[in-house]
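Line by line, the protein sequences give chains U and L. Under the numbering used here, the first residue of the first sequence is numbered 37, with each subsequent residue one higher. Under the numbering used here, the first residue of the second sequence is numbered 562, with each subsequent residue one higher. Beta carbons are placed, not taken as given, at the ideal position from N, Cα and C, and that holds for glycine. Computed from a predicted model, the values in this text were never measured in an experiment. A quick write-up on the structure given underneath.
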Amino acid sequence: MNLTLNHLSKNFGNIKAVDDVSLSVPSGELVALLGPSGSGKTTLLRIVGGLEAADTGQVLYAGEDTTHWPIQKRRAGFVFQNYALFRNMTVFENIAFGMRALPRKQRLKAVELKRRVAELLYLIRLPDLAERFPAQLSGGQQQRVALARALAIEPRLLLLDEPFGALDAQVRKELRRWVRQVHDQTGLTSLFVTHDQDEALELADRVVVMRDGHIEQIGTPDEIFESPATRFVHEFVGESCALPVDVRAGRVSYAGQQLDIEAPLADGPAHLLLRPQYLAPAETGIVVRIDAARRVGPRRRLEAVTGAGDRLEFEVDSDIDAGRGQTLHVRPTKWRLYSIH
Amino acid sequence: MSAFADPRPSLQLQPVGLPTTAVALHARTMSVRARPHTVLPGFGLSLGYAVFYFSLIVLLPIVAVYARSFSEGIESFAAAAFSERAINAYRLSFGAALLAAAINALFGFLVAWVLVRYRFPGRRLLDAFVDLPFALPTAVAGIALTTIYAPNGWLGQHAALLDWQLAYNPIGIVIALVFIGLPFVVRTLQPVIAELGHAPEEAAATLGAGRWRTFTRVIFPALLPAWLTGFALAFARAVGEYGSVIFIAGNLPFVSEIAPLLIVIQLEQYNYVGASAIAVVMLTASFLLLLVVNLLQAWATRRSGVDRAR
């Protein structure tokens, strides 16, 4: 089912939680809503699920305006941040809850219901835990039960609010891949909220970067990482260093020194954004003095200061002997320029 | 043991699939059972003191009451404890207390729900007023209620036009007991409702459940243990209530005379055995009722899945 959001806005008092957001999600796509806390991503997800009412704008499910539909009618599977499992029910009862809440005519017979729950338990790889209570499960298991419970109602789309937020790093990684598998198996249009850029880039088909209630950029993980539309996106996704530069007649200069960089920008001050991975020592370039060197996995991470006092970070092969106090030239292999308005 | 010194593979030492942490954890649980190790020591001393204190303050007086009531033999005990007047008083005391606790359970839930869930002008004031029945001297409460509900009182005179008498009869007693019991239900439910949060009902709604199903299947079971606690506290307080009731009850023997008043009447006649006999019956009945409520509560807590830690 495709999902369309038309000019959604939502205010809490004076705060614009969601500010004129439009988005179109084709059927079967897995979309990440990425942003820092307070960027409105959770509010947007809740509006899509009907848990929050937008002040203006529309939510279309497969072209049908659902803006004023009650939550129950939407059939949007929602996985809550802290899972919100029913503590007084077993895993089986939790998963069966949605099927039992169906109108009497559509309700499954007890045998079929049991079979369906068993299928879902198999899908979440917890076939033996049907009679456990949520308090007897680990965080990762609760998370999977919450997902099975949402899938049980055969939802039209799947909404996940910080689905891996409360889990430890190892479980989080495993669950991420597993959620991707489940998504590919079910083919459900899915939206998930996260503040973790790695999670968004690894898991999603498309990433929506949000800031202060509006969308900064929509793009594939590659586009978001390689061609950030704004300085905010550049700094929020991946690591960044920024240098204040001047643009004159298409040439970029930093601290009086002209750099070998083309600038399709109007004349004036700008920011040159660099990633540690795309900055390398060279014969000529920006002169830096090394401040600290740390080993990061197979490579060496250098922290350096330019003559003008700006900090730069970059990576070199670990066999390059670079020590504190040494000076060298660095050149960016990839960069982004953002003019200062 | 050094893994490097031993050339043989050490994997065979433990069952496959059982991670070492589980073994370590298990070993720790065992040692805990053998000898408790806590940050704050002093189990022996604190338990000893707790038992001594409890005995001195609670058990000893109760034993004294039992001893006193049987001090002149079983016949005089039975005569005092099961006289027709006493039985009527028990029926009234427990009946009115149960009814009042039930009313409080219903409306106390409503008040607690409103106080936790909604923000409105005067909420804090209302919240503070809930404690008033705690703080007010019971005699003051009794006089205040009588002023309102007596046949010539503010509300009582209007009720009198409809031929309803709200004071000087069992209805008046229930009104007084509802008044003094309200805070118990509200104050026990409030934190639990706050802790429950909105997530469970939102989850239920996204799964297609309507309001009734959400309430009966999700919210009610989660609140039931605290609800029963509040009910039990309100009931216990109501059974023993004296001050606020005697003003509004009218105190007619066989009609609106509560058991605590009967005890006082016996005492005023220097009939200490009679007084303690009635006290013993009340004590025993209260204990049994509270035991039932506690068992119910344990059952509800088990059902609510809260204490099911690993």
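The beta carbon of A236 of chain U sits no closer than 8 angstroms to any beta carbon of chain L. Exclusion of the five residues before and after R110 of chain U leaves G85, G86, Y97, T102 and R192 as the residues of its chain whose Cβ lies within less than 8 angstroms of its Cβ.
H250 of chain U carries a strand assignment under DSSP once its states are collapsed to helix, strand and coil. Contact with chain U is found for L768 of chain L, since one of that chain's Cβ atoms lies less than 8 angstroms from the residue's Cβ.
By the CB criterion at 8 angstroms, L310 of chain U and Y290 of chain U fall outside the cutoff. When 7 angstroms is used as the limit between beta carbons, G771 of chain L is near these residues of chain U: Q108, in chain order. Taking a beta-carbon distance threshold of 8 angstroms, A859 of chain L does not count as an interface residue toward chain U. Short of 6 angstroms from the beta carbon of I131 of chain U, and not among the five residues preceding or following it, lie these beta carbons of its own chain, in chain order: V153, L156, A184, R185 and A188. I160 of chain U has a beta carbon lying at 8 angstroms or more from every beta carbon in chain L.
Note on geometry: alpha-carbon atoms of Y614 of chain L and A640 of chain L lie some 35 angstroms from one another.
Distance between A765 of chain L and M843 of chain L, taken at the CA atoms: about 44 angstroms. Around A146 of chain U, no beta-carbon contact reaches into chain L at under 7 angstroms, the shortest distance being about 17 angstroms. Looking at the DSSP output, Y374 of chain U bridges to U:H307. For H365 of chain U, the pairing in a beta bridge is given by DSSP as U:A318 and U:V323. For I664 of chain L, the enclosing alpha helix (DSSP H) begins and ends at E645 to R678. If you look at E636 of chain L, you'll find it in the alpha helix (DSSP H) that goes G634 to A642.
Judged by DSSP secondary structure, S630 of chain L falls within the alpha helix (DSSP H) whose first and last residues are L621 to S630. Q206 of chain U and G176 of chain U have their C-alpha atoms roughly 10 angstroms apart. At least one beta carbon of chain L lies nearer than 8 angstroms to the beta carbon of N124 of chain U.
Short of 7 angstroms from the beta carbon of W674 of chain L, and not among the five residues preceding or following it, lie these beta carbons of its own chain, in chain order: I754. For L211 of chain U, the three-state secondary structure derived from DSSP is helix.
The continuous alpha helix (DSSP H) containing L722 of chain L extends over residues G717 to L722. Against chain U, the beta carbon of V779 of chain L has neighbours under 7 angstroms at F122, listed in chain order. Between the C-alpha atoms of F808 of chain L and F133 of chain U there is a straight-line separation of about 52 angstroms. Nearest neighbour of V691 of chain L by Cα position, chosen from L:L653, L:N730, L:A658 and L:G742, turns out to be L:G742.
Nearest to D197 of chain U by C-alpha distance, out of U:F116, U:P312 and U:S375, is U:F116. When rounded, the separation of the alpha-carbon atoms in Q178 of chain U and P782 of chain L is 20 angstroms.
Straight across, the Cα-Cα distance linking I635 of chain L with A760 of chain L is about 59 angstroms. For the C-beta of A166 of chain U, not a single chain L residue is nearer than 8 angstroms; the gap to the nearest is close to 14 angstroms.
Listed by position along chain U, the residues whose Cβ is nearer than 9 angstroms to that of P782 of chain L are F122, R123, N124 and M125. In the DSSP annotation of this structure, S805 of chain L is not part of any beta strand (DSSP E); the continuous alpha helix (DSSP H) holding it starts and ends at G804 to A810. Under the three-state reduction of DSSP output, A793 of chain L falls in the helix class.
Inter-residue distance for N47 of chain U and R247 of chain U is about 15 angstroms (C-alpha atoms, whole angstroms).
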